[in-house]
Amino acid sequence: MACGLRRYPAVAALINADPREILFTSCGTESNNSAIHSALVTHPEKRHVVTSAVEHSANIKFCDFLKKRGCDVTLLPVESDGTLDLHLLEKSIRPDTAIVSVMWANNETGVIFPIEEIAAICRSKGTLFHTDAVQTPGKLKIDVKDLGVDLLSLSAHKLHAPKGIGLLYVKRRTKYQPYVIGGGQERGRRGGTENVPYIVAFGRAAELTMATLQDENTRVRGLRDKLENGILSRIEGSSRNGAKEPRLPNTTNIAFAGVEAEGILLLLDHAGICASSGSACTTGSLDPSHVLLAMGCSTARARGSVRFSLGIYNTKTEVDYVLKELPAIIAKLRANNTIEEATATGQAVAQKS
Ligand SMILES: Cc1ncc(COP(=O)(O)O)c(C=O)c1O
Numbered sequence: 151m152a153c154g155l156r157r158y159p160a161v162a163a164l165i166n167a168d169p170r171e172i173l174f175t176s177c178g179t180e181s182n183n184s185a186i187h188s189a190l191v192t193h194p195e196k197r198h199v200v201t202s203a204v205e206h207s208a209n210i211k212f213c214d215f216l217k218k219r220g221c222d223v224t225l226l227p228v229e230s231d232g233t234l235d236l237h238l239l240e241k242s243i244r245p246d247t248a249i250v251s252v253m254w255a256n257n258e259t260g261v262i263f264p265i266e267e268i269a270a271i272c273r274s275k276g277t278l279f280h281t282d283a284v285q286t287p288g289k290l291k292i293d294v295k296d297l298g299v300d301l302l303s304l305s306a307h308k309l310h311a312p313k314g315i316g317l318l319y320v321k322r323r324t325k326y327q328p329y330v331i332g333g334g335q336e337r338g339r340r341g342g343t344e345n346v347p348y349i350v351a352f353g354r355a356a357e358l359t360m361a362t363l364q365d366e367n368t369r370v371r372g373l374r375d376k377l378e379n380g381i382l383s384r385i386e387g388s389s390r391n392g393a394k395e396p397r398l399p400n401t402t403n404i405a406f407a408g409v410e411a412e413g414i415l416l417l418l419d420h421a422g423i424c425a426s427s428g429s430a431c432t433t434g435s436l437d438p439s440h441v442l443l444a445m446g447c448s449t450a451r452a453r454g455s456v457r458f459s460l461g462i463y464n465t466k467t468e469v470d471y472v473l474k475e476l477p478a479i480i481a482k483l484r485a486n487n488t489i490e491e492a493t494a495t496g497q498a499v500a501q502k503s
C-alpha cells in the first residue's frame, strides 16, 4: 500500500497536479462517466450536458444513457476536418448546463481540440469543464494548471502500463460525488480496494512517459509523416481524414476509395501489420465510425478508412515495410472488387435475359 501511495506524486507530476487532486479509477471509461455523473449529482438543478459528436463511446454511450433518464444532451457537431466551432460551443452552454465534456485529442483522427480556449469559455460561463485526455500522455505536455480544466481523464494503458487502471483529476475545491460507492478509499471519492500493483505500474509509466515527449514529437512525428505521405503519394484514391494540424504526432487516418477496411486489416494482419478501423475499442463492430460520419464522410468512405497509430517502439524499417506491403494489398482488394462487380453484373444480365 505504502509503495502504491508513493506513486500518486509520479502520476500527479505527469499532469502537474497536486497528488490530492488525483483519484485512481479502473479505466478511462470510468473516469469519463465519473466526471459527468459527479457534475449532475452535485448540481441537481442542472440537467444539461454538452459534449461533442466525435467523443469516445465512453461519453457518447453514457450520454445516451443519461438522455433516457431525462437529461438533455447537446452533441456538438464538428467541421469536415474534425475541428470544433467554438462559437457554437459557447452558444450551447445554458444556465442549466451541469458540465461541458470535450476530448483533448481524438482517438481516431488525432485531431486536437483547443482545450485552453474551451476551458476559458466554460469558466466565463461558470460551467464545469471536463476533458478526456486519454490519447495525450507522451504526445502533448499536460499541465492542468495551464489548461484550466476542472476535471481530466487518463487511462494508463495509453502509457504502456497495464490495462485496467485510469485516473480522474479533480481540481481542488471542485465539488465531487463518487460514482463507485463503497468504502472510503481515494479520500472518499471512489469505493473499492485500490489496485496497488497497477497504481505502481501507472506511476512508473508516468515517469517514463515524461521522457518520451521529445521523441514522440520529433522522431515519431517524422515516421508518421513519412507513412502518411508515402501512402498518399503511392496509392491512388487514398486521402487523409481530419485536419493535418493541430494533430497528435502519432496518428493518421486514411480513407481508401473502393475498398472495405475489414479486408485491408485482414491482409495487413497476415503481413504482420497492426492497424485499426474506427476506435480500437469498438473493433469487431461492423458499424462505420461515428467519428468519421460526424465529419460528414459517406458511409462508404467511413467503411474504407484505416487508422495507423505509431509509438516510441516503431522504427523506420517498419514504416518502409508498410509502404512496401500496403499498395499491393489495396490493389488486390480493388481487383477482387472489380471481379465481384463484373460477376454480379453478369449474373444480373443473365437473369434478365
Ligand atoms: C479518447 C479515449 N477516451 C476513452 C477511452 C477509454 O479508455 P479505457 O479503455 O481505459 O476505458 C479511450 C480508449 O482507447 C480513448 O481512446
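Just so you know, the sequence shown maps onto residues 151 to 503 in the working numbering.
Cβ coordinates follow ideal geometry from the N, Cα and C atoms, glycine included.
Contact under 7 Å by Cβ, residue i with residue j
{"i": "E475", "j": "A421", "result": "yes"}
{"i": "S439", "j": "N400", "result": "no"}
{"i": "P297", "j": "A269", "result": "Going by the sequence as given, residue 297 is Leu instead of Pro. Yes, the Cβ-Cβ distance between L297 and A269 is below 7 Å."}
{"i": "E357", "j": "A167", "result": "no"}
{"i": "A411", "j": "G454", "result": "yes"}
{"i": "R273", "j": "H198", "result": "no"}
{"i": "G316", "j": "S305", "result": "yes"}
{"i": "L309", "j": "T359", "result": "yes"}
{"i": "N182", "j": "D300", "result": "no"}
{"i": "V252", "j": "G178", "result": "no"}
{"i": "S389", "j": "A405", "result": "yes"}
{"i": "R322", "j": "E171", "result": "yes"}
{"i": "A361", "j": "A311", "result": "no"}
{"i": "V469", "j": "L373", "result": "yes"}
Near ligand 1: residue i beta-carbon under 6 Å from a heavy atom
{"i": "D282", "result": "yes"}
{"i": "S459", "result": "no"}
{"i": "S305", "result": "yes"}
{"i": "N183", "result": "no"}
{"i": "G428", "result": "no"}
{"i": "C213", "result": "no"}
{"i": "Q285", "result": "yes"}
{"i": "G260", "result": "no"}
{"i": "C177", "result": "yes"}
{"i": "N400", "result": "no"}
{"i": "G316", "result": "yes"}
{"i": "N391", "result": "no"}
{"i": "N166", "result": "no"}
{"i": "N345", "result": "no"}
{"i": "N367", "result": "no"}
{"i": "N403", "result": "no"}
{"i": "N464", "result": "no"}
{"i": "N379", "result": "no"}
{"i": "N257", "result": "yes"}
Where residue i sits in the DSSP three-state scheme
{"i": "A405", "result": "strand"}
{"i": "T433", "result": "Any reading at T433 must be qualified, since the residue scores a pLDDT of 49, below 50, and its modelled position is unreliable; the value itself is stated next. In the structure shown, T433 sits in a strand (DSSP, three-state: E or B)."}
{"i": "I163", "result": "The sequence as given places Ala at residue 163; Ile does not occur at that position. Reduced to three states, the DSSP call for A163 is helix."}
{"i": "G513", "result": "In the structure as shown, the chain begins at 151 and stops at 503. Residue 513 is therefore absent and cannot be evaluated."}
{"i": "A421", "result": "coil"}
{"i": "T495", "result": "helix"}
{"i": "I262", "result": "strand"}
{"i": "V199", "result": "strand"}
{"i": "S251", "result": "strand"}
{"i": "R397", "result": "strand"}
{"i": "S427", "result": "coil"}
{"i": "S242", "result": "helix"}
{"i": "N391", "result": "coil"}
{"i": "L483", "result": "helix"}
{"i": "D222", "result": "strand"}
Whole-angstrom C-beta distance between residue j and residue i, which should lie under 8 Å
{"i": "I262", "j": "A255", "result": "5 Å"}
{"i": "T259", "j": "G392", "result": "3 Å"}
{"i": "V346", "j": "Y319", "result": "Not a contact, Cβ separation roughly 20 Å."}
Check: residue i C-beta below 6 Å from any heavy atom of ligand 3
{"i": "H206", "result": "Ligand 3 is absent from the structure shown, which contains only ligand 1."}
Paired residues, beta bridge with residue i - DSSP
{"i": "I489", "result": "Answer is none; I489 lacks a bridge partner."}
{"i": "F458", "result": "T402"}
{"i": "L304", "result": "L317"}
{"i": "D282", "result": "S303"}
{"i": "T175", "result": "G316"}
{"i": "D168", "result": "In the DSSP output, where bridge partners are listed per residue, D168 has none listed."}
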